[in-house]
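Residue numbers (this note's numbering), protein chains in the order written: chain A, 16 to 131; chain B, 18 to 191.
The beta-carbon is built from N, C-alpha and C at its ideal position, and this holds for glycine as well.
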Amino acid sequence: MRAARVVRMQNVDLFGPIGLNHYLILSALLFVTGVAGVLLRRNIIVLLMSIELMLNAVNISFIAFGKYMNKLDGQVLVFFVMTIAAAEAAVGLAIAVNIFKRYKEVNIRFFEHLKG
Amino acid sequence: MTADTFLFWLLAILTLVSGLGVVLVANPIYSALCLAMTMVGVSAIFATLGALFIAGVQMIVYAGAVMVLFVMVLMLFDLRTEIATFSRGRFSGAVKIAVVGLLAGLLAGVFAMTTALSDGIAPSADQADATKSLGALLFTKYVFGFEALGILLLVIAIGVVGLARSKGGTHAKR
Numbered sequence: 016m017r018a019a020r021v022v023r024m025q026n027v028d029l030f031g032p033i034g035l036n037h038y039l040i041l042s043a044l045l046f047v048t049g050v051a052g053v054l055l056r057r058n059i060i061v062l063l064m065s066i067e068l069m070l071n072a073v074n075i076s077f078i079a080f081g082k083y084m085n086k087l088d089g090q091v092l093v094f095f096v097m098t099i100a101a102a103e104a105a106v107g108l109a110i111a112v113n114i115f116k117r118y119k120e121v122n123i124r125f126f127e128h129l130k131g
Numbered sequence: 018m019t020a021d022t023f024l025f026w027l028l029a030i031l032t033l034v035s036g037l038g039v040v041l042v043a044n045p046i047y048s049a050l051c052l053a054m055t056m057v058g059v060s061a062i063f064a065t066l067g068a069l070f071i072a073g074v075q076m077i078v079y080a081g082a083v084m085v086l087f088v089m090v091l092m093l094f095d096l097r098t099e100i101a102t103f104s105r106g107r108f109s110g111a112v113k114i115a116v117v118g119l120l121a122g123l124l125a126g127v128f129a130m131t132t133a134l135s136d137g138i139a140p141s142a143d144q145a146d147a148t149k150s151l152g153a154l155l156f157t158k159y160v161f162g163f164e165a166l167g168i169l170l171l172v173i174a175i176g177v178v179g180l181a182r183s184k185g186g187t188h189a190k191r
């Protein structure tokens, strides 16, 4: 048990030269920040910003894996993610404008009145 | 500490702090500012990873277009009525933060176990012609996804116009 832990700690050398793990952990932390934003904030605009944060975190993972496996496929996928993100922001903001126009507020609780 | 290491830590701290700023700052305009800073940081991280073309696209699309969209919509709103920034409930808030922490632990664990992958595979040295081969890959192996995204963008453009012209939209028929 102790040996396994020592091996694990040797593998994850945080303060040495920068490797794949650094980028992945940075990506994970950024993603988690975005999740916290989606869960905790009530302003619909900030919610959309948090979703953008999550998408960016995933992009960092893609690029890091692509570099360390020496392939370009990750970068192509980042293209796709960026396109989806821009489209999602456009639609989400349009809906937010509609909600604000009707209720004069951008709070998430007005989403339940979206019907009709 | 080499230059690469220093650059990574600088960019990582910049990105994480501004990412936290997006979530924690109460005023949405400052959130947008922090998000722009995060985008610039992520773009620089792409550059350190050798993906220079993607870094440029990130600057143009995210730090440019998407941020302009966000700030413009923010300007449409009357932000003085902003009262409750965070969702209510002390207990449910604690549960949400605990869930996020669990997710962080899981992700860190998964990534710590992928160490074997990074051993033995040398990082790509030359990025010459990377953009060219990226384009070739996009139009050969991923051409279906590319076309599907084109159709998706068309659908979304029409959908947003429809949303604006529907009942209660910004350009509704009178």
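Assigned exposure category for residue i - 16 Cβ within 10 Å defines buried
| i | result |
| --- | --- |
| B:F197 | The question about residue 197 of chain B has no answer here: the residues shown for chain B are numbered 18 through 191. |
| B:H188 | exposed |
| B:I114 | exposed |
| B:E164 | exposed |
| B:G91 | What sits at residue 91 of chain B in the sequence shown is Leu, not Gly. The residue in question, B:L91, is buried, as its Cβ has 16 or more Cβ neighbours within 10 Å. |
| B:A153 | exposed |
| B:A142 | Low per-residue confidence applies at B:A142: pLDDT is 49, beneath 50, and the placement is therefore not dependable, though the value from the model is reported in the following sentence. By the neighbour-count rule (16 or more Cβ atoms within 10 Å), B:A142 is not buried but exposed. |
| B:F2 | The question about residue 2 of chain B has no answer, for chain B in this structure spans 18 to 191. |
| A:F77 | buried |
CB-CB length for residue i against residue j, believed under 8 Å
| i | j | result |
| --- | --- | --- |
| B:T55 | B:V40 | At roughly 11 Å, the Cβ-Cβ gap does not stay under 8 Å, so B:T55 and B:V40 are not in contact. |
| A:A105 | B:L93 | The pair is not a contact, with the Cβ atoms about 14 Å apart (cut-off 8 Å). |
| A:G49 | A:A72 | 6 Å |
| A:N36 | B:F25 | So it is not a contact: roughly 12 Å between Cβ atoms. |
| B:V83 | A:L54 | B:V83 to A:L54, Cβ: 22 Å. No contact. |
| A:I75 | A:L41 | 6 Å |
C-alpha distance - residue i paired with residue j, whole-angstrom precision
| i | j | result |
| --- | --- | --- |
| A:K116 | B:K184 | 11 Å |
| A:V112 | A:L87 | 38 Å |
| B:L123 | A:I59 | 28 Å |
| B:A72 | B:S60 | 5 Å |
| A:M64 | B:L52 | 7 Å |
| A:G52 | A:G34 | 28 Å |
| B:G106 | B:P45 | 21 Å |
| A:A101 | A:L68 | 12 Å |
| B:K206 | B:I173 | Look at the range of chain B in this structure, 18 to 191, and you will see that residue 206 of chain B is not part of it. |
| B:G36 | A:I110 | 24 Å |
Min CB distance residue i to chain A below 9 Å
| i | result |
| --- | --- |
| B:M56 | yes |
| B:L27 | no |
| B:F108 | no |
| B:F161 | no |
| B:I114 | yes |
| B:D21 | yes |
| B:I62 | yes |
Proximal residues of chain B, C-beta to C-beta of residue i below 9 Å
| i | result |
| --- | --- |
| A:V96 | Under the 9 Å cutoff, chain B gives no residues; its nearest Cβ is about 10 Å from A:V96. |
| A:V47 | V117, G118, L120, A121, L124 |
Amino acids of chain B, ordered along the chain, whose beta-carbon sits closer than 8 Å to that of residue i
| i | result |
| --- | --- |
| A:L62 | Within 8 Å Cβ-Cβ: nothing; A:L62 doesn't reach chain B, min ~10 Å. |
Neighbouring residues, chain A, relative to residue i (Cβ below 9 Å)
| i | result |
| --- | --- |
| B:D146 | Under the 9 Å cutoff, chain A gives no residues; its nearest Cβ is about 10 Å from B:D146. |
Within chain B, partners of residue i - CB distance below 7 Å
| i | result |
| --- | --- |
| A:I66 | Under the 7 Å cutoff, chain B gives no residues; its nearest Cβ is about 11 Å from A:I66. |
| A:V93 | I71 |
| A:V106 | I173, G176, V177 |
| A:V50 | V117, L120 |
Chain B contact for residue i (CB, 9 Å cutoff)
| i | result |
| --- | --- |
| A:F115 | yes |
Under 8 Å from the C-beta of residue i: neighbouring residues of chain A
| i | result |
| --- | --- |
| B:V83 | E67, A100, A101, A104 |
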